[in-house]
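Okay, structure first, notes after.
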């Protein structure tokens, strides 16, 4: 994984001022040791080596502490972690806390190193323990000043590092969420700085002055003659070695440099906030940026950044709202004009509709009257259908009785035909008897003729019997003719009876169909009567509804006229709204929002994303 060029060696660069700050303090102590002549000559070299070893140990431990305190930043710079927004925010939290940690680390280093040197110096250099106390005082006078100087230099580099980290992706609101302004210590820091600026040189100068005074007093007490004492006093007035003002001047320059750095550390974020506020006042709104600071200044910067984000969002929304209001107003004006024309047309159409509704009411009245007439006709038709059904029922009964009579006649004719046949058989039998009688009479007559006179009477009887037989034969023949005629008539009667029976059946069937048809007509007439009643009732209701519709159309016409008047008022109001939208656009266009690339985008630039949450990190500074 390749680390971004902006993050390579950024952790070492951020904490590097701790080394020159500490070395500067050690250098002043070294000059004091070798130029002031207030320490024994035999102890200067061991003290120098002790200070050098303590400085090397301090720098080594400092590297290890920096690697642990800025582990995420070092991992990003070495490419062991991707430069995601989450990792960058963790690195931001680490960098924001490093100035305070550097201050306390330098203070602890000076305190521990001074204590170690003060305890080891009398032992290694074989000097009085009071010299160790002087070393302790020297360290306590220069250490806080060196720690303050280191803190201020690390603060400036930490701000630059934070700017580089923020430029790689995290949004301003995300940075503010990661570094909430919780601690308000600027007054405490100023008190500490003032105390260090006053007490450190005072202790330093007091040590030098006290040491020289003690040296002069010891030399003066050791002098046995007035001339020797005068020489001691003269050397004290002239000063032995470098003047006291040289060391004091170096300390004063260190204090002034620290004060200058402190003033710069305070003024830089305030100047940046002032510049951004001045640009906003001129109407130039740039993309919101995070101005890194500490304590109350950081709270002010965070509030100012949030204000910029909200201002950009508000201006963007106002511009979009102005454009939308302007467009909507134009559409409303056009729509209102169309509605005004449409309202006039609607009023005319409603007048025509109202007249049509009144005509419809009159037509409904006529329909109601006609429906009543149709209802009466339907009632009459229903009564006639009932009468026709009753007549058809009686006709069907008559046809059924006729059919029964024809069937009885057919049965009687059949029986008569059977009797005629029987009679024919009897006539045939009689005819056979007559033939035989005629033959016997002929034989008897022949026999009587043969007998002569004796048989004359028998012949006469035989002749009469023959005549009788012939008469019988003639009669039977006539009977046979009559029987034939009867048979023919009977057959005709049977055929006619069968035809009448078929006709009666057909009539019965037709009568049944007529009865069914009349029943259907009766049912339809009943339904027609009900439907006509329903139509009549509906027509009456329609007439009532039509009257109500006519009244409602009158109300609608009045409302439409009122709407037409309201539409004209809306047109005037939309014209006023269009003027207000133009004024709003003119006010919003006074602000020019620059995009991230430095291009001016009016007031339409969106604010960076991110949410102002509540992280679990130490506040900035």
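In UniProt numbering, the protein residues as written are 1 to 621.
Don't be surprised by glycine CBs; every beta carbon is placed ideally from N, CA and C.
Just so we're clear, the structure is a prediction, and the values are computed from it rather than from any experiment.
Can the beta-carbon of residue i be found less than 7 Å from the beta-carbon of residue j?
| i | j | result |
| --- | --- | --- |
| residue 109 | residue 58 | yes |
| residue 141 | residue 200 | yes |
| residue 148 | residue 98 | no |
| residue 314 | residue 301 | no |
| residue 290 | residue 312 | no |
| residue 472 | residue 434 | yes |
| residue 480 | residue 427 | yes |
| residue 50 | residue 120 | yes |
| residue 539 | residue 325 | no |
| residue 521 | residue 420 | no |
| residue 46 | residue 124 | yes |
| residue 515 | residue 396 | yes |
| residue 150 | residue 65 | no |
| residue 95 | residue 158 | yes |
| residue 137 | residue 203 | yes |
| residue 43 | residue 127 | yes |
| residue 181 | residue 299 | yes |
| residue 400 | residue 490 | no |
| residue 493 | residue 413 | yes |
| residue 101 | residue 75 | no |
| residue 423 | residue 483 | yes |
| residue 288 | residue 305 | yes |
Would you please state the rounded distance, in angstroms, between the beta carbons of residue i and residue j? I believe it to be under 8 Å.
| i | j | result |
| --- | --- | --- |
| residue 629 | residue 92 | As shown, the chain starts at 1 and ends at 621. That puts residue 629 outside it, with no answer to give. |
| residue 437 | residue 448 | With a Cβ gap of about 15 Å, residue 437 and residue 448 do not count as contacting. |
| residue 153 | residue 261 | 7 Å |
| residue 81 | residue 72 | 7 Å |
| residue 403 | residue 506 | Not confirmed; about 10 Å, so no contact. |
| residue 28 | residue 254 | 7 Å |
| residue 77 | residue 8 | 5 Å |
| residue 406 | residue 528 | With a Cβ gap of about 39 Å, residue 406 and residue 528 do not count as contacting. |
| residue 55 | residue 169 | In fact, because the Cβ distance is near 39 Å, the residues do not count as touching under 8 Å. |
| residue 467 | residue 445 | Not really, about 11 Å apart at Cβ, beyond 8 Å. |
| residue 175 | residue 166 | 6 Å |
| residue 309 | residue 266 | Actually they do not touch by this definition, with Cβ atoms about 24 Å apart. |
| residue 431 | residue 476 | 4 Å |
Assign residue i to one of three DSSP states: helix, strand, or coil.
| i | result |
| --- | --- |
| residue 294 | coil |
| residue 600 | Any reading at residue 600 must be qualified, since the residue scores a pLDDT of 48, below 50, and its modelled position is unreliable; the value itself is stated next. The answer is strand: DSSP assigns residue 600 an E or B state. |
| residue 241 | Confidence is the limiting factor: at residue 241 the pLDDT is only 48, short of 50, which leaves the residue's position unreliable and the question unanswerable from this model. |
| residue 405 | helix |
| residue 81 | coil |
| residue 607 | The predicted position of residue 607 is uncertain, since its pLDDT is 36 and thus under 50; a value taken from the coordinates is nonetheless stated next. The answer is coil: DSSP assigns residue 607 none of H, G, I, E or B. |
| residue 8 | coil |
| residue 457 | helix |
| residue 224 | coil |
| residue 484 | helix |
| residue 507 | helix |
| residue 16 | coil |
| residue 289 | coil |
| residue 263 | helix |
| residue 181 | coil |
| residue 500 | helix |
| residue 492 | helix |
| residue 452 | coil |
Considering residue i, what are the terminal residues of the alpha helix (DSSP H) in which it resides?
| i | result |
| --- | --- |
| residue 157 | 129-167 |
| residue 178 | 172-178 |
| residue 94 | 85-125 |
| residue 46 | 41-69 |
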